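Engineer: Protein chains in written order, with the UniProt record's numbering: chain E, 1 to 203; chain A, 1 to 203. Each residue gets a CB set at the ideal place from its N, CA and C atoms; glycine is no exception. Values in this document were obtained by computation on a predicted structure and should not be read as measured data.
Number of protein chains: 2
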Amino acid sequence: MKRIVKDPTTRRAEILEAAGELFRNQGYVHTTVDAIIQKVGVAKGTFYYYFKSKEEILEAFVHSMVDTLCEEYKKIAADSTLPVMEKVRQMLRSQSYHLDKQAEWMESLHRPENRELHERLNIAIILKIAPVLAQVIEQGNKEAVFHVENTLETVQFLLAGSQFLLESGIFHWEKEEQTKRLQAMQMIIERSLGAAPGSFSFL
Amino acid sequence: MKRIVKDPTTRRAEILEAAGELFRNQGYVHTTVDAIIQKVGVAKGTFYYYFKSKEEILEAFVHSMVDTLCEEYKKIAADSTLPVMEKVRQMLRSQSYHLDKQAEWMESLHRPENRELHERLNIAIILKIAPVLAQVIEQGNKEAVFHVENTLETVQFLLAGSQFLLESGIFHWEKEEQTKRLQAMQMIIERSLGAAPGSFSFL
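(1) Determine, using beta carbons only, whether Gln163(E) and Asn122(E) come nearer to each other than 8 Å.
(2) Among Tyr28(E), Thr68(E), Gln38(E), which has the Cα closest to the Cα of Leu58(E)?
(3) Tell whether a beta-carbon distance below 8 Å holds between Ile15(A) and Tyr50(A).
(4) With Gly140(E) as the anchor, note down where its alpha helix (DSSP H) starts and where it stops.
(5) Using Cβ-Cβ distances below 9 Å, what residues of the UniProt domain "HTH tetR-type" (9-69) of chain E are close to chain A?
(6) Have a look at Leu159(E), Val136(E), Thr9(E) and flag the residue whose alpha-carbon is nearest the alpha-carbon of Ile125(E).
(7) Ends of the alpha helix (DSSP H) at Leu92(A)?
(8) I'd like to know whether the C-beta atoms of Ile137(A) and Val155(A) end up nearer to each other than 8 Å.
(9) Closer than 6 Å by C-beta to Gln135(E): which residues in its own chain qualify, once you throw out the five before and the five after it? Chain order, please.
(10) Have a look at Glu71(A) and Arg93(A) and give me their C-alpha separation to the nearest angstrom.
(11) Does the distance from the CB of Asn150(A) to the CB of Met187(E) come in under 8 Å?
(12) Sorted by chain position, which residues of the same chain lie with C-beta nearer than 8 Å to Leu203(A)'s C-beta, five sequence neighbours on each side aside?
(13) Am I right that Leu165(A) and Phe157(E) are in contact with their C-beta atoms under 8 Å? What's the rounded C-beta distance?
(14) If the cut is a Cβ gap below 8 Å, which residues of chain E does Gly198(A) touch?
(15) Note the first and the last residue of the continuous alpha helix (DSSP H) segment covering Leu31(E).
(16) Which chain A residues sit within Cβ distance under 9 Å of residue 256(E)?
(17) Name the chain A residues whose beta carbon is nearer than 8 Å to that of Thr154(E)?
(18) Quick check: Val33(E) and Ala18(E), are their CB atoms within less than 8 Å of each other?
(19) Please state whether the Cβ-Cβ distance between Val132(E) and Ser192(E) is less than 8 Å.
(20) So which residues on chain E does Leu158(A) lean against when the C-beta distance must stay under 8 Å?
(21) Closer than 8 Å by beta-carbon distance: list the chain A residues that pair up with Glu116(E), in chain order.
(22) Do you know how far the Cα of Asp67(A) is from the Cα of Ser53(A)?
(23) For Gly45(E), is the classification buried or exposed, using 16 other Cβ atoms within 10 angstroms of its Cβ as the cut-off for buried?
(24) If you check the beta carbons only, do Leu127(A) and Leu117(A) fall under 8 Å apart?
(25) Since Thr31(A) and Leu22(A) are thought to touch, with beta carbons under 8 Å apart, how far apart are those beta carbons, to the nearest angstrom?
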């Protein structure tokens, strides 16, 4: 039998992808390291060369999910040709695109078996995405489009509220209730950032 | 052996209290219905007369936790002699008192074995406490101390942000970081409610 040798980056990505599929299909709680190993078709030692435990692969997987979005945000934030509100709009568009692509995931994130995965994903978003958004808000402060102190902390609070109340799926809001919550959020964002009324009406 | 017959309300409260102690000491995940039955010293049938399952007793327990605070809030909200900012202050004081009394609980809520209990507690707070706070904010609107539409939804968003970012214990903020987050929250609350700058500086 020929042993297939793959370069470490490819191998690691393969293991992460297999783990992700199992988390999505049967939930993090019900996924074992053995099942991941079997799915990728590698030796136990190969798995443990990359990840020490199930917790470690969960952490790595969550970060890989957030990093894709984060990289795009960073590109948008760094583009010196764009005015600040255009950056905000592009970031939201890019987020919707990600959410659509991961519609199947969203469903799975709301299952009790993925409660821990979901919580870690929310934490990673607060810790990794908020600083990039804060950088854009700072540009807005300089352009006098926004007027806000404690930028990072403000962005984190707004992200936390929107994730927990509107996107967590733990509240089963009726359509009309969700609409009113979105209106409230638009107002809270505009006022918190010291932005002009209506400037976030595209939300 | 003499059978002790207790009235249903007492019995139900006893079972709830025993369940709560077990949830706190060993976590919801590791608590069995049998352990609850044994702790209270009742027959299986007695337990199932009050609660259909472990999930049902969790739900009842969470509501009993929130209801105590909710009742006090309702009393404060209904007191027609108090100006609106005094009501807000009294509510916050009453909340701190509860948190202090339940310091042991707070610790336990952050354990992974109580992740589900904590999530349900957060949900109950959003659904039961927010309407009472919204009633007070409405009074503030009438007195022109606040200026906010979609009152209930705004309160829910602010509660969600503060619970998830500041009180969930899932972020381990350093003291200075926590201070900056509190400052940001004060500003977000004041601006969102259309309150005078500094009016929430007692936070």
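Structural biologist: Answer, in terms of the structure:
(1) Yes; because the gap between Cβ atoms is below 8 Å, this pair is in contact.
(2) Across the set Tyr28(E), Thr68(E), Gln38(E), the C-alpha of Tyr28(E) shows the shortest separation from the C-alpha of Leu58(E).
(3) A contact, by the Cβ cut-off of 8 Å.
(4) Start and end: 130-142.
(5) Of all residues in the UniProt domain "HTH tetR-type" (9-69) of chain E, none has a Cβ within less than 9 Å of some Cβ in chain A.
(6) Of Leu159(E), Val136(E), Thr9(E), the residue nearest in Cα terms is Leu159(E).
(7) In the DSSP assignment, Leu92(A) falls within the unbroken alpha helix (DSSP H) covering 84-101.
(8) Cβ atoms of Ile137(A) and Val155(A): closer than 8 Å.
(9) The beta carbon of Gln135(E) is closer than 6 Å to those of Ala77 in its chain, skipping five residues each way along the sequence.
(10) Computed Cα separation, rounded: 14 Å.
(11) For Asn150(A) and Met187(E), yes; Cβs fall inside 8 Å.
(12) Contacts found: Leu92, Leu182, Met185, Gln186, Ile189.
(13) About 6 Å separates the two Cβ atoms, so the contact holds.
(14) In chain order: nothing, as chain E lies at least about 13 Å away.
(15) First, the residue type needs correcting, since residue 31(E) is Thr and not Leu in the sequence shown. Counting along the chain, Thr31(E) sits inside no alpha helix (DSSP H), nor does DSSP assign it H or E at all.
(16) This structure gives no information on residue 256(E), because the portion of chain E shown stretches from 1 to 203.
(17) Chain A residues near Thr154(E): Ala184, Met187, Ile188.
(18) By the CB criterion at 8 Å, Val33(E) and Ala18(E) fall outside the cutoff.
(19) Cβ atoms of Val132(E) and Ser192(E): not closer than 8 Å.
(20) By Cβ distance, chain E contributes Gly161, Ile188.
(21) The answer, in chain order, is Pro112, Arg115.
(22) Going from the Cα of Ser53(A) to the Cα of Asp67(A) covers about 21 Å.
(23) Gly45(E) should be labelled exposed.
(24) No, Cβ-Cβ distance for Leu127(A) and Leu117(A) is not below 8 Å.
(25) That belief holds up - the Cβ atoms of Thr31(A) and Leu22(A) are roughly 4 Å apart, short of 8 Å.
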